[in-house]
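Reviewing the structure listed below.
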Amino acid sequence: MPFFNFIYSFFGNFKWIIVITAFGLLFFQTIILNNLATDHELPSKNTYLPALVYIVLMSSSVNAFPIHPVLFSNFFLLLALNIIFELYGKSESFVDILNISLLISLASLFYFPCIFFLLLFWIAFIIYRMFSLREWIISIVGIILPYFFLAIYYFWNDKLLNRIQDYQKLLINLKHFSLKISTYQIVLYSVIGAILLIAFYSLMTRTRDKAIKNRKFNSIIFWFLILGIVSIALSSNYSSFHFGIAFIPASILISNYFVQVKRKWFAEVLFLILLGVVIYGTFF
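And the structure:
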């Protein structure tokens, strides 16, 4: 996470800058997420629910630490996800493919587990039936480029071997992975998980009524959620904030369910339970 460490080394002692930066990142992410969801009809109606749900979910860890790498990486992942959706129906979109892989690579330089999302890009290729060898090669080149230039910088400053060792330690975490989670987080993730299961079941029952494009987008969102959870195996000191990555697809799925459900009172109860758990964890 060289980019995050670099930024924090400069501004870590200035709490007001940290707070403003965290607020600004979250604010712009909610705008990007809400526009992404409404532009691609996820949910099908114009609503601010995706932004609202995302703010609530991301606020669940705000009292523990004002800023963390996931806040930065989510910004790039949201931009990448939007371009992935825009790839649908295009042919030979080499520039878009390069941009997506570059954004994923930049996200991983703030928070290394985001490197997993190259798999999401390849899954999108399969879902869109994009089997051109050039497109797959370009995606790999885009991932490598930022690391290549970073390696040159470290080489000229005699830090390359130290940085390689840091990344080796991250890979070793796969063998010695252990998740430290508090009672509050268990309750929080249980509530989120329960709502997601209800939302996913509702989505599956309405799949046949959806256009092919929406089915493909929902498949990508589902795989985003899976990879966001699985990639925690590469997290180290920031494991408590890692699930912020999964909050992107979770916000879309939950808001989509809240819009589509006929029993609005039930959706309101679920949201109030979620909000109550987050408020309790933040102030008590």
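Per the numbering used here, the sequence shown starts with residue 896, numbered consecutively. Don't be surprised by glycine CBs; every beta carbon is placed ideally from N, CA and C. It should be emphasised that the depicted structure is a prediction, and the values quoted were computed from it without experimental measurement.
When Pro945, Ser956, His963 are compared, the shortest CA-CA separation from Phe898 is found for His963.
Distance from His1137 to Ile1127 at the Cβ level is roughly 5 angstroms; contact confirmed, criterion being Cβ atoms closer than 8 angstroms.
Taking C-beta atoms as the reference points, Leu931 and Phe967 fail to come closer than 9 angstroms.
Distance from the Cα of Ser1097 is smallest, within the candidate group Ser1150, Ile1032, Leu1015, Arg1058, for Ser1150. In summary, Thr1078 is exposed, with fewer than 16 beta-carbon neighbours lying within 10 Å of its beta-carbon over all protein chains present. With a contact defined as Cβ atoms closer than 8 angstroms, Leu928 and Tyr949 qualify at about 5 angstroms. The three-state reading of DSSP puts Leu982 in coil, since its state is none of H, G, I, E or B.
The C-alpha of Ala917 is placed about 10 angstroms away from the C-alpha of Lys910. The residue from Gly1176, Gly1139, Ala1089 with its alpha-carbon nearest to that of Ile1124 is Gly1139. Per DSSP, the continuous alpha helix (DSSP H) segment holding Pro1144 begins and ends at 1142-1155.
With contacts defined by Cβ atoms closer than 9 angstroms, Phe1153 and Leu1170 do not form a contacting pair. The DSSP assignment places 1028-1051, 1055-1067 as complete runs of the alpha helix (DSSP H) inside the segment 1019-1071, in order along the chain (cut-off: 4 residues). Ile1035 and Ile1168 have their alpha carbons spaced roughly 43 angstroms apart.
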